[in-house]
Amino acid sequence: MVLYMSIKTYAVAIRDVLAEEMRRDGTVFVMGEDIAEQGGIFGCTRGLIDEFGPERVRNTPISENTFVGAGVGAASAGMRPVVELMYMDFMYLCMDQILNQAAKMRYMFGGKVKVPLVVRGQQGIGRGNAGQHSQSVESLLMHIPGIKVACPSTPADAAGLLRTAIRDDNPVVFVEHKALYATKGEVPDDTDFTVPFGRCSVAREGKDVTIVGSFLYLGRALEAAELLSAEGIEAEVIDPRTLVPLDIDTIVESVKKTGRIITVHEAHRTMGFGTEIAAAVTEKAFGYLDAPPVRIGSKMCTLPFNLGLENAVVPQVDDIVEAAKALLYM
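Numbering (numbering that gives the first Met the number 0), first residue to last: 0 to 329.
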């Protein structure tokens, strides 16, 4: 079968999947702050109200615990809500609804209740949004059983993972990155195109060092790999795509080939998802490691408003390059 492609931005890929899934399934609806006429602050729901009306495209009050709680209730009653948080930082206001209710209900009711809820929103650096609007929350979500965590880094993965999330009968937190919304890439023209959870993407093959990065740091890892290649070092770059479930096997097989691993992410280095990957690789492939795993992440401080200071806090391409060289020549 020939798979036709369209060039789309990350934001348009998300918007198109929302529309397609709402056409396919009448139980899918969206709600959140300013998502109707305004289409959300990054346009991911733009135009949906014109096609589906206010019953299925619902503006909400500025009360995350209330409307996420409503989403949990709607999901348990048979609907498939997609709830948008304007900033993922605001998830702290509805942690009980996500982690203590949605994540546990299916277990606590012995499987009799399904909770097909998607909570989506954006996080991260790039716009000088400062300490309460730039955080990375994905590592916090990994600790609670019962919730899946998707982290798309490309337009195609944004489309495929979101479609998978909406069709899943379990709660999914779908984490987007504000600095990726305008990036473009090929997306399959297929209303059934999905990307399975728990399967990494090997974005670049290599033999000398494995680099695992997500969101902005997939691109920065690939840029670092190009610079390393010019010096004769071939890096394998892996995008986890989902953190729960996490495809550790693909990462381990890469490390068995390269003997070295670097994890890099925008979240704070302390207890970021790179720590979990490094620990799992050490457990499963210790005998293959030629050097200790290296974790690269943001400095342990609040993210600044000033863009120059922001860049001083988060990892840069040069940090990845220098870490790889240090591993090779230690």
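Here a beta-carbon is modelled for each residue, glycine too, at the ideal position from N, C-alpha and C.
These figures come from a predicted structure and were not determined experimentally.
Val243 and Leu140 have their C-alpha atoms spaced approximately 9 Å apart. Assigned with DSSP and collapsed to three states, Asp238 falls in strand. When beta bridges are read from the DSSP output, Pro187 appears opposite Met4. Annotated three-state conformation of Leu116 is coil, per DSSP. Residue environment: Thr190 is assigned as exposed (fewer than 16 neighbouring CB atoms within 10 Å of its CB, all protein chains considered). In the DSSP assignment, Asn169 falls outside any beta strand (DSSP E) and carries neither an H nor an E. For the options Gly72, Leu98, Arg45 and Val29, the alpha carbon positioned closest to that of Leu84 is the one of Val29. For Pro239, the closest of Tyr216, Leu227, Lys113 and Glu222 by C-alpha to C-alpha distance is Tyr216. Straight-line measurement puts the Cα of Pro195 at about 20 Å from the Cα of Ile276.
The C-beta of Arg126 has fewer than 16 other C-beta atoms within 10 Å across all chains shown, which makes the residue exposed. Here Ala178 is not near Phe304, since their CB atoms are 7 Å or more apart. Along the segment 39-79, the alpha helix (DSSP H) occurs as fully enclosed runs of 4 or more residues at 47-51 and 63-75, listed in sequence order. Below 8 Å, enough C-beta pairs join the segment 98-117 and the segment 145-160 to call them touching: three or more. Inside the segment 226-270, DSSP marks whole alpha helix (DSSP H) runs of 4 or more residues at positions 247-257, from first to last along the chain. Membership of Lys147 in the beta strand (DSSP E) is indicated by the continuous run Lys147 to Ala149.
Under the 8 Å Cβ criterion, the segment 149-169 counts as touching the segment 15-34, having at least three qualifying pairs.
With 16 or more other Cβ atoms inside 10 Å of its own Cβ, Tyr86 counts as buried. DSSP places Thr209 within a strand segment (E or B) once states are collapsed to three. Per DSSP, Arg23 is one residue of the alpha helix (DSSP H) stretching across Tyr9 to Arg23. Annotation: Ala229 to Thr274 spans about 29 Å, alpha carbon to alpha carbon.
By the 16-neighbour rule on beta-carbons within 10 angstroms, Ala35 is buried.
Thr193 is not a Cβ neighbour of Gly231, given a cutoff of 7 Å. Gln121 has Glu175 as its beta-bridge partners, per DSSP.
In this structure, Lys206 lies near Glu233, with their beta-carbon atoms less than 7 Å apart.
Just so you know, the alpha carbons of Thr281 and Ser133 end up roughly 31 Å apart. Around the beta carbon of Tyr91, fewer than 16 other beta carbons lie within 10 angstroms, which makes this residue exposed.
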